[in-house]
Structure formats: structure tokens, C-alpha cells
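Chemist: First residue of the sequence shown? That's 0 in numbering that gives the first Met the number 0, and the numbers climb one at a time after it.
By construction, the Cβ of each residue, glycine as well, lies at the ideal position given by its N, Cα and C atoms.
Note that the coordinates shown come from a computational prediction; the quantities given were computed from them, not determined experimentally.
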Amino acid sequence: MHQPVCFLCGKTDFVYHSTSTDIEYHTTKDNYDFYECQNCKLLRIDPIPVDKLSIIYPSNYYSFLKNKKTIVDSIKEWMDKRLFTNVLGKLKGDLKVLDVGGGSGWLLNVMKSLTDRVKFTQVVDLDADAEKLARENGHEYFCGKIEDFKTNQKFDFVLLLNLIEHVENPLAVLQGIESVLTDQGLVLIKTPNYDSFDARIFNSWGGLHCPRHWVLFTEQSFRKTAEKANLRVESLTYTQGAPFWAVSILGWLQKKKLVNVNAQRPAIQHPLFPVLAGLFAGFDLLRKPFAKTSQMFIILRKK
Ligand SMILES: [Zn+2]
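(1) Classify ILE54 as buried or exposed, calling it buried when 16 or more other Cβ atoms lie within 10 Å of its own Cβ.
(2) Does the structure place the stretch 222-240 close enough to the stretch 269-284 that three or more beta carbon pairs sit under 8 Å?
(3) Please determine if the stretch 204-214 and the stretch 104-115 are in contact, where contact requires at least 3 C-beta pairs separated by less than 8 Å.
(4) Apply the 10 Å Cβ neighbour rule to LEU249 and answer buried if 16 or more other Cβ atoms are within range, or exposed otherwise.
(5) Take THR11 and list the residues in its own chain whose beta-carbon comes closer than 8 Å to its own, dropping the five residues that flank it on each side.
(6) I'd like to know if MET110 contacts chain C, where contact means its C-beta is closer than 8 Å to some C-beta of that chain.
(7) Report yes or no: do the stretch 125-134 and the stretch 95-115 share at least 3 C-beta pairs separated by less than 8 Å?
(8) Our contact map puts TYR386 next to ALA262 with C-beta atoms below 8 Å; I'd like the distance itself, whole angstroms only.
(9) Based on DSSP bridge pairs, tell me the residues matched to LEU158.
(10) What do you reckon, are the CB atoms on VAL186 and ILE176 nearer than 8 Å?
(11) Mind checking who ASP45 pairs with in its DSSP beta bridge?
(12) Using the Cβ count rule (16 or more neighbours within 10 Å means buried), how would you classify TYR140?
(13) The alpha helix (DSSP H) with VAL246 in it runs from where to where?
(14) Can you determine whether any heavy atom of ligand 1 sits closer than 7 Å to the C-beta of CYS209, and answer yes or no?
(15) For LYS254, is the beta carbon positioned less than 7 Å from some heavy atom of ligand 1?
(16) Excluding five sequence neighbours on each side, which residues of the same chain lie with their C-beta closer than 7 Å to the C-beta of HIS138?
(17) Report yes if the C-beta distance between ARG300 and LEU230 is below 8 Å; otherwise report no.
(18) Span of the alpha helix (DSSP H) holding LEU125?
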């Protein structure tokens, strides 16, 4: 059996965790195995489909950006605004902001609408179609992987929202981010937590986002990674994982042949998706005071 090496501890103490496939976008019929490092408590996919990016990120992957805003999007935007206002309040003077995986830069637009102190904005994203719109909105754009992004700029605020789990070596990415951070700089990260109820009950858990999530963390392994990248965890909170519930349940119903999710109509576009997402957003918010839900919000700063 091929034994993956852990990017964090460098060892091969992995045990089999689960097998999944793309239940969300149906870009492939291949099965992928997930292994857990016994030292670090992190999951990694095997094999890593590093040469299949154009297949596993289909052209409709970003389509939610072009569609009309739903009520869920509006609530999300309101919550993002509250979070950004909070973080921006901790930063002084004129600000440079980097959004990794930021697409057309719509979150940077939200941020600019909150304060005129944001003077320079940079997007790093794989999506070539988003570049034109991002530049029209006044953002600098690097089309490529964060690992390949070179800059002379230093940033006061870096967004890595649902990004760090998409890369092969999250430690190297965090080390790179640390090197472009100003002394007051903050990094806001959102990433799944697989030490959660929904992750345990579904064999094909939506949070695996198979095969696009290559590394998944728990609080413990995320803290260890940040520490090793010379970053300090300023705060770590849990938030609702409604989309993971919705994808997991649609995947389960699909297996029972009760719904039809396919490449033309991915899970996110199924009519049941917003219903399930709404229900489970409520469920997660209710249990949040007592349980670790399946998404983490983390704020980091230089040590
Ligand atoms: Zn490890």
C-alpha cells in the first residue's frame, strides 16, 4: 500500500479513515481514500489529484458568483460584514488586504464599502474568468496557486476562507503568508473541522468536498500547524456547517436513488439544497454552545 507522508510531523503514521467520491459536482467516478495522521489528528486525501485540477474544478464550480443572491447569501454577507468590521477595528492606518481564493474580489468590495482605509487589494485565485471582473473592481489579480504568488507587498489583513484545506501543504502556505504579513497583520481563516457530529455520521461527508479538500484539520492539528508557521492563534471559534449537512444528505439520498444530483446539476443547485442548508444552519446554531460544529473561524497574527 502507498503510504502518504504527513506534511506536519513528517511521519507516515496514517490509519485509514474513509473512502469517498465527488458526490457534489460529479466530476469524476474515482474513489479517494482519506487517512488520519495519528500524531497530528489531521486527514489527508490519497492520492492527491494534483494533476487533475481542470477536471475537479469544473466550469460551473464558480457559478454561484454569477447567480442572483439568495436569502442565505444575504445573511452570510451580513455576518461577513460584522466579522470584518470587528477585525478592521483592530488594525491601524491605511490597509493592504489580500484575499486568497477571492474570485472576483466580492469580499474585498464588501470590505472597501466598510472603510475607506483599505488602499490596496490583491486577489490570488485559480479562476481565469474572475480576473477581468476583479480588475474592473480595482483589485490586483494573480491567476495561479498561492504557492506560486510572489510579491514585494506586505499585507495587514489576509483572507484564507475555505482555502487552506484545498492545498497540498498547508504549512508551507501559512509560512508564505507569515512572510508577507505586516507587524500588525491579521489572517482570517475558515476551514472545516472533521471532529464534528456530521463528519462522524456520514460516510461520504460533505466537508470532505471530495476530491477537492486535500487536508482536513481538527482544532488541535490546526493550532499545531499555525504554531509551526510562527503564527499565534488570536481566536478560534466554531460556526455552522450547513452546506456540509446539505451535501452529505443529498449524497445519501442519491445513493438510495431518491434524488438526482449530477455534473449538470451539482448538489448546490438542487432544489433541496437551500431547504436543507436552512434547516441545518438552525440546528448547528442551536447546538453551537454545547458542541464543536464543522467549520472553524480562526484569527492568526505574527508571533
Ligand atoms: Zn502528522
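Modeler: In terms of the structure at hand:
(1) For the purposes of this step, residue 54 is taken as the residue at position 55 of the sequence shown. Looking at its Cβ environment, which holds fewer than 16 other Cβ atoms inside 10 Å, ILE54 is exposed.
(2) In this structure the stretch 269-284 lies against the stretch 222-240, because at least three pairs of beta carbons, one per stretch, are closer than 8 Å.
(3) These segments do not touch.
(4) Taking the first residue of the sequence shown as position 1, residue 249 is located at position 250. Under this definition LEU249 is a buried residue.
(5) The residue labelled residue 11 in the question sits at position 12 within the sequence shown. The residues are GLN2, PRO3, VAL4, CYS5.
(6) In summary, chain C is missing from the structure at hand, where a single protein chain is found.
(7) Segments in contact, yes.
(8) The displayed coordinates of the chain run from 0 to 302. Any statement about residue 386 would go beyond what the structure contains.
(9) Start at 1 with the first residue of the sequence shown, and residue 158 comes out as number 159. Per DSSP, ASP98, LEU187.
(10) Counted from its first residue, the sequence shown places residue 186 at position 187. Counted from its first residue, the sequence shown places residue 176 at position 177. Yes, these two residues count as a Cβ contact at 8 Å.
(11) The residue you call residue 45 lines up with position 46 of the sequence shown. Partner(s): ASP32.
(12) Within the sequence shown, the letter at position 141 stands for residue 140. By the Cβ-count criterion, TYR140 is buried, with 16 or more other Cβ atoms from all chains shown falling within 10 Å of its own Cβ.
(13) Working through the sequence shown from its first residue, we reach residue 246 at position 247. Run containing VAL246: 241-254, per the alpha helix (DSSP H) assignment.
(14) Locating residue 209 in the sequence shown gives position 210, counting from the first residue. Because no heavy atom of ligand 1 lies under 7 Å away, the Cβ of CYS209 does not count as near it: no.
(15) Counting from one through the sequence shown, the residue named residue 254 turns up at place 255. Answer for LYS254: no, Cβ out of range of ligand 1.
(16) As a working note, residue 138 is residue 139 in the sequence shown. If you ignore the 5 residues before and after HIS138, its C-beta comes within less than 7 Å of the C-beta of GLY104, LEU107, THR120, GLN121, VAL122, all in its own chain and listed in chain order.
(17) To locate residue 300, count along the sequence shown from 1; it is residue 301. To locate residue 230, count along the sequence shown from 1; it is residue 231. Contact flag set, yes.
(18) The residue labelled residue 125 in the question sits at position 126 within the sequence shown. First-last for LEU125: undefined, no H or E at that position.
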